[in-house]
Amino acid sequence: MTEPLGTPSGRFCMGVDTGGTFTDAVVYDHNTDRVVAAAKTPTSHEDLYGCVVAAMTNVLASSHVSAGDIGLVAVSTTLATNALVEGAGRPAGLVAIGFEPEVLTRVGLRPATATGTSEDLNSRADTSPAEGERDRPTSNLATAPVVIVGGGHSAHGDERDPLDLGELTRAIDRIDASVEAYAVAAQFSVRNAAHELSARDAIRERTGKPVTCSHELSPRLGGPRRAVTTLLNAQLISVTARFTEAIRAAMGSLGLHARLMIVRGDGSLVSAEFVAQRPIETVLSGPAASVIGARHLAASSATDAGALDAGCLVVDIGGTTTDIAAIRNGAVVPAEGGSDSSTATVGGHATMVTALPTMTVGLGGDSEISIPPDGVLGELAVGPRRVVPLCVAARRHPDVVLPMLQRQLEAERPLAEFGEVLLRAAIPASTEHLEGLDNEVLRLADSAGGALPLVDLKRSARWRSAVGRLERRGMVRRAALTPTDACVVLGLVDAESVGDAAAAHAGAELFSRQRDRYGVNVGTGAADLSRRVMRSALRGAAEALLSVALGADGIAPGETRRPLAQAALDRRHRDLGRTTASETGSTHGDRSANPLWGLLEPSEQPGVPVAGDVASIPANPTPLAHLDAGAAVPIVAIGAPAPTYAPLIAALLGTTAVVPPHAEVANAVGAAVARVRITQQITVTAPRRGSYRAHWGDDPPVWHSLDDAREWATTQATEAAQAEAAAAGAHDVELTVSWETRTAPSNGRELFVEATLSVTAAGRPGSNY
Numbered sequence: 004m005t006e007p008l009g010t011p012s013g014r015f016c017m018g019v020d021t022g023g024t025f026t027d028a029v030v031y032d033h034n035t036d037r038v039v040a041a042a043k044t045p046t047s048h049e050d051l052y053g054c055v056v057a058a059m060t061n062v063l064a065s066s067h068v069s070a071g072d073i074g075l076v077a078v079s080t081t082l083a084t085n086a087l088v089e090g091a092g093r094p095a096g097l098v099a100i101g102f103e104p105e106v107l108t109r110v111g112l113r114p115a116t117a118t119g120t121s122e123d124l125n126s127r128a129d130t131s132p133a134e135g136e137r138d139r140p141t142s143n144l145a146t147a148p149v150v151i152v153g154g155g156h157s158a159h160g161d162e163r164d165p166l167d168l169g170e171l172t173r174a175i176d177r178i179d180a181s182v183e184a185y186a187v188a189a190q191f192s193v194r195n196a197a198h199e200l201s202a203r204d205a206i207r208e209r210t211g212k213p214v215t216c217s218h219e220l221s222p223r224l225g226g227p228r229r230a231v232t233t234l235l236n237a238q239l240i241s242v243t244a245r246f247t248e249a250i251r252a253a254m255g256s257l258g259l260h261a262r263l264m265i266v267r268g269d270g271s272l273v274s275a276e277f278v279a280q281r282p283i284e285t286v287l288s289g290p291a292a293s294v295i296g297a298r299h300l301a302a303s304s305a306t307d308a309g310a311l312d313a314g315c316l317v318v319d320i321g322g323t324t325t326d327i328a329a330i331r332n333g334a335v336v337p338a339e340g341g342s343d344s345s346t347a348t349v350g351g352h353a354t355m356v357t358a359l360p361t362m363t364v365g366l367g368g369d370s371e372i373s374i375p376p377d378g379v380l381g382e383l384a385v386g387p388r389r390v391v392p393l394c395v396a397a398r399r400h401p402d403v404v405l406p407m408l409q410r411q412l413e414a415e416r417p418l419a420e421f422g423e424v425l426l427r428a429a430i431p432a433s434t435e436h437l438e439g440l441d442n443e444v445l446r447l448a449d450s451a452g453g454a455l456p457l458v459d460l461k462r463s464a465r466w467r468s469a470v471g472r473l474e475r476r477g478m479v480r481r482a483a484l485t486p487t488d489a490c491v492v493l494g495l496v497d498a499e500s501v502g503d504a505a506a507a508h509a510g511a512e513l514f515s516r517q518r519d520r521y522g523v524n525v526g527t528g529a530a531d532l533s534r535r536v537m538r539s540a541l542r543g544a545a546e547a548l549l550s551v552a553l554g555a556d557g558i559a560p561g562e563t564r565r566p567l568a569q570a571a572l573d574r575r576h577r578d579l580g581r582t583t584a585s586e587t588g589s590t591h592g593d594r595s596a597n598p599l600w601g602l603l604e605p606s607e608q609p610g611v612p613v614a615g616d617v618a619s620i621p622a623n624p625t626p627l628a629h630l631d632a633g634a635a636v637p638i639v640a641i642g643a644p645a646p647t648y649a650p651l652i653a654a655l656l657g658t659t660a661v662v663p664p665h666a667e668v669a670n671a672v673g674a675a676v677a678r679v680r681i682t683q684q685i686t687v688t689a690p691r692r693g694s695y696r697a698h699w700g701d702d703p704p705v706w707h708s709l710d711d712a713r714e715w716a717t718t719q720a721t722e723a724a725q726a727e728a729a730a731a732g733a734h735d736v737e738l739t740v741s742w743e744t745r746t747a748p749s750n751g752r753e754l755f756v757e758a759t760l761s762v763t764a765a766g767r768p769g770s771n772y
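Each residue of the sequence shown is one higher than the one before, counting from 4 in this note's numbering.
Here it is, written out as structure tokens:
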């Protein structure tokens, strides 16, 4: 049941961002529009409650604001995104009504008819995952039970085939033991939801488990994508419930009796109760909060905020990912240009979740370092997989990690994965449906005290597959060399605040002895290897920013990988490298005060280029052509590493960087200043001349006048938007109504095709500031 809108009187808001690496908290005063206090706490995925309590406790203590003065707690989180990308969603089943199996297979699902089994279909060669894709860390849609039953409607909302509830019951009985929740998607349910509602009621009555209907999540056509979105939502229900329970418990322990709200992927706030039913809408919550926070902080601190709104690139440099957005004329611009909103793609699956158009790249302090199998001489890859830094793992398991690394350093020919460790998740997880080899890996990890060197496992495809499955289920995590370790080696961060410096040095030294496909060591020691890691990370961030900028200008983002674009970036990189030793006080910042500028200098190892495409270019050529690629607008950088990294990334792109005050906690600020916004849409079609059907609910009415249909639809959408906004926590709601008509030429006149009514309800969260 939704809690009442009234909240304890309190003028302050607490914004919290639970990121992959740090949990940030701020106390924000909406009366004065300022950050009162901020705190950062390392995120413990095994003890989310503990790290949230620590962040909230620290920020309250530094703010001198009492718990009773907090009227609202607003949270942004990467939990949903990470759960889907890492395949850690809980088991859920999809009931697809009226779809053909081949249609669902094309979007990554593996369906069976109500009279067959998923295993039967999974055995077909054309629906099995390609070799090398089985263990790719993505969402686990391919293994979700999917059953197809007859039914569905036409594009005008007429019943195409009746729904067979007996067939539905038999299908549910076959898969119920293996799922925790259900998703229901019927063909053209956004034009008539009757079959989805009937199936939902039947499933709830028979199983008592949560059920999500696809028409509740999106009003858009596109049944297969809507089915994917609904199944992902069902997989997140119990994951999100544990998250909100941890937040509420943390609030209760500190006496915070305030409303709890969550940031959605479109940057709006909704109540925790709202999210409990629609957790998929929190996908890309973190990136959305970063954009809102960056814009708010930059606008309140920049000397020329209008210039930034006219055009800038927002980059959130995090420990797990780097999030990027393009802003033009104050609005977030999608890659193809156009409106300020789009749908989210998560774990390789296109969804119908409305989200701010941001690019998230797996590039951060916790990104895995690897040697590309097809890379050029000396090339390193950073990300996208997230792992535990060796220095962090060594602090948690001092008797295992560092001794293992030292043994490998003494070995005559260590192998790359011998520098890696499997860490057992502290929170017990269900071992149901695990294969025998999976259980054996868990047994070895438990017997090793929760930290198992990969050297203790057999080197075979079957064992690697078992480890991959356990990683996707969140039962083990991998510790390996990361940019965080490289920063410790280079002295760019305080080692004591991060982890064991000796493990970082040993891991980097060990990795430097690995050989690429040319048989050449990738480094000449820990320091040289760490410089290579940071160069690769910074170059990757610059390329991602350029890709977003090009996309916003209508140029395919993939063009950044073309030889000409790469050569242009390489030329600037080389030019900057030649001047780092002598140049200070440049337009890109004081180079003498920034230790990263030294990373642009030539490598200690001869013959290793900045990028392979320019390996044959002489060291100091006389340029005969002007070749350039970069950003034409400033970068607004946020995140803890922003002051150090942003000037150099901007220099690589030929622009400047703005790092606003409180940039290190901008996501938490974004959560604190976000607003509630709910949109309801109703589509009106013309099934026959002179008839207009308003598609709403399970019995869409037909009108003989378009004006009557519009008036009725406006009333329904307005009431629904107001009610949903209230349930989401809005206060003093403002309504915006739009009506868009689509026509087609016919015999010299415009023929009505359909119209879409949109009603948006927006307001501040219900709290007494």
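Quick reminder that beta carbons are idealized off the backbone N, C-alpha and C, glycines included. Since the structure is predicted, the reported quantities are computational estimates derived from the model, not experimental observations.
Item: Three-pair Cβ contact test at 8 Å for the segment 499-518 versus the segment 450-465; Value: no
Item: Contact under 8 Å by Cβ, residue 359 with residue 60; Value: no
Item: Proximity to residue 254 [Cα-Cα], best of 449, 16, 208; Value: 16
Item: CB of residue 166 within 8 Å of CB of residue 202, strictly; Value: yes
Item: For residue 327, the residue or residues it bridges with in DSSP; Value: 318, 362
Item: Neighbour-count burial assignment, residue 718, 16 or more Cβ in a 10 Å radius; Value: exposed
Item: Which listed residue (206, 245, 243, 654) has its alpha carbon closest to that of residue 546; Value: 654
Item: Contiguous beta strand (DSSP E) assignments of at least 3 residues, all confined to the segment 189-216; Value: 214-216
Item: Separation of residue 107 from residue 132, as counted between CA atoms; Value: Only weak support exists for where residue 132 lies, its pLDDT of 32 falling under 50; the value from the coordinates is given anyway. Cα-Cα distance, rounded: 14 Å.
Item: Coil, strand or helix - residue 442 by DSSP; Value: helix
Item: Cβ contact (3+ pairs, closer than 8 Å) linking the segment 480-500 and the segment 385-399; Value: yes
Item: Span of the alpha helix (DSSP H) around residue 539; Value: 529-555
Item: Spatial distance of residue 709 from residue 197 (CA atoms); Value: 24 Å
Item: Contacting residues, own chain, Cβ-Cβ under 7 Å from residue 701 (five flanking each side not counted); Value: 195, 196, 197, 200
Item: First and last residue of the uninterrupted alpha helix (DSSP H) at residue 695; Value: Premise fails: residue 695 lies in the beta strand (DSSP E), 694-698, not in any alpha helix (DSSP H).
Item: Residues sharing a beta bridge with residue 35, DSSP; Value: BP columns for residue 35 are empty, so no partner.
Item: Contact belief for residue 273 with residue 672 at Cβ below 8 Å, rounded distance in angstroms; Value: Not a contact, Cβ separation roughly 18 Å.
Item: Option in 641, 326, 314 with minimal Cα separation from residue 332; Value: 314
Item: Identity of the residues DSSP links to residue 268 by a beta bridge; Value: In the DSSP output, where bridge partners are listed per residue, residue 268 has none listed.
Item: Burial state of residue 64 (16 or more Cβ within 10 Å); Value: exposed
Item: Contact set for residue 667: own chain, Cβ-Cβ below 8 Å, skip 5 residues either direction; Value: 27, 41, 43, 641, 642, 643, 645
Item: Contact between the segment 722-736 and the segment 266-284 (3+ Cβ pairs under 8 Å); Value: yes
Item: Residue 288 classed as buried or exposed, judged by whether at least 16 other C-beta atoms fall within 10 angstroms; Value: buried
Item: Spatial distance of residue 694 from residue 705 (CA atoms); Value: 6 Å
Item: Reduced DSSP category for residue 20 - H, G, I as helix; E, B as strand; rest coil; Value: strand
Item: Contact check, residue 92 vs residue 238, beta carbons under 8 Å; Value: yes
Item: Burial state of residue 31, where buried means 16 or more other Cβ atoms lie within 10 Å; Value: buried
Item: DSSP bridge partner residues for residue 734 (one or two, in chain order); Value: 767
Item: Touching by the beta-carbon criterion (3+ pairs, under 8 Å), the segment 287-302 and the segment 317-327; Value: yes
Item: Rounded straight-line distance, which links the Cα of residue 663 to that of residue 129; Value: Reliability fails at residue 129, whose pLDDT of 27 lies under 50, so the model's placement of it is uncertain and the value that follows must be treated cautiously. Rounded to whole angstroms, residue 129 to residue 663 spans 52 Å at the Cα level.
Item: Buried versus exposed call for residue 749 [16 or more other C-beta atoms within 10 Å across all chains shown]; Value: exposed
Item: Other residues of its chain near residue 754: CB distance less than 8 Å, five sequence neighbours each side excluded; Value: 746, 747, 748
Item: 8 Å CB neighbourhood of residue 279 in its chain, flanking five on each side removed; Value: 240, 243, 244, 247
Item: Inter-stretch contact (C-beta, 8 Å, three-pair minimum) for the segment 672-691 and the segment 151-167; Value: yes
Item: Reduced DSSP category for residue 65 - H, G, I as helix; E, B as strand; rest coil; Value: helix
Item: Residue 763 versus residue 566 - alpha carbon distance; Value: 45 Å
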